[in-house]
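Position 40 (the sequence shown) corresponds to 22 in the working numbering; numbering is contiguous.
Yeah, the Cβ is synthetic: ideal placement off N, Cα and C, and Gly gets one too.
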Amino acid sequence: MSTKTVVTAMMAGCAVVLMWSVPGLAAQTPHEQHVASDAAKPTSDMAAKDKAMMAEREKMMADMKAADQRLDKLVARMNAASGADKVAATATVVTEMVMQRRTMQEGMMKMEQGMMTHMMEHMQAGTASMAMCPLMKQTGDVKH
-17 MSTKTVVTAM MAGCAVVLMW SVPGLAAQTP HEQHVASDAA KPTSDMAAKD
33 KAMMAEREKM MADMKAADQR LDKLVARMNA ASGADKVAAT ATVVTEMVMQ
83 RRTMQEGMMK MEQGMMTHMM EHMQAGTASM AMCPLMKQTG DVKH
C-alpha cells in the first residue's frame, strides 16, 4: 500500500469522524449561541492557522515523496544484487520500510490531533469559516 493511499485513507477517516461528531456537538450548543456564531467571519488569526496547516501538509507531502525516492533506490539495489549482497540489501529495504512507517504513523497522529483542533476552531467560528478554509477545500479535492 502506498504512502499516498494511507494518508488519503487517514484523511478520509478524520472527515468521517468529524461528520459523526458534528450533530452531537451542535446538540450541545445553545441555539442562540449557534446562530450568533454562524454570522461570525474567520479572523486573521484563523487565516494564519490555515496557512500554517497548509504549509505543514505541503512539507509532509514533500517528505513522503523523498522517502519514496529513497525506498525506490534501495529496492533497485536489492533487485540488482545477488547472493549474500541480496540478503543484506533486502534487510536494508525492510529496515527503511519500518522506519518510514513509524515516522508516518507519528506524523499522522500529530496531524490528526492538529486537524481536529483546527476543525473545531472553524466550527466555533461558524459554518462560513469552515467553508472558506483552504485546507478543507484542498483535502476535499483528493482523488482516490
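Distance between residue j and residue i (C-alpha atoms, nearest Å)
{"i": "Gln82", "j": "Met101", "result": "27 Å"}
{"i": "Val80", "j": "Gln87", "result": "11 Å"}
{"i": "Asp32", "j": "Lys47", "result": "23 Å"}
{"i": "Ala107", "j": "Met36", "result": "19 Å"}
{"i": "His196", "j": "Gly96", "result": "With the chain covering -17 to 126 only, the question about residue 196 has no answer from this structure."}
{"i": "Leu53", "j": "Glu78", "result": "7 Å"}
{"i": "Ser111", "j": "Ala34", "result": "16 Å"}
{"i": "Thr85", "j": "Ala113", "result": "31 Å"}
{"i": "Arg39", "j": "Pro116", "result": "12 Å"}
{"i": "Ala30", "j": "Ala44", "result": "21 Å"}
{"i": "Thr99", "j": "Gly65", "result": "52 Å"}
{"i": "Met28", "j": "Val69", "result": "52 Å"}
{"i": "Ser26", "j": "Asp67", "result": "57 Å"}
Test item: CB-CB of residue i and residue j under 7 Å
{"i": "Val75", "j": "Met60", "result": "yes"}
{"i": "Ala58", "j": "Ala71", "result": "no"}
Other residues of its chain near residue i: CB distance less than 6 Å, five sequence neighbours each side excluded
{"i": "Leu56", "result": "Thr74, Val75 and Glu78"}
Cβ-based neighbour list, residue i, same chain, cut-off 8 Å, excluding 5 preceding and 5 following
{"i": "Glu14", "result": "Summary for Glu14: the model assigns pLDDT 43, below 50, so the residue's position carries little reliability; its value from the coordinates is reported in the next sentence. None."}
Heavy atom of the ligand HEM within 6 Å of residue i beta-carbon
{"i": "His104", "result": "Looking at this structure, you won't find the ligand HEM or any other ligand, since it has none at all."}
Whole beta strand (DSSP E) elements within the region 70 to 104, 3-residue minimum: Entirely contained in the region 70 to 104, not one beta strand (DSSP E) run reaches 3 residues.
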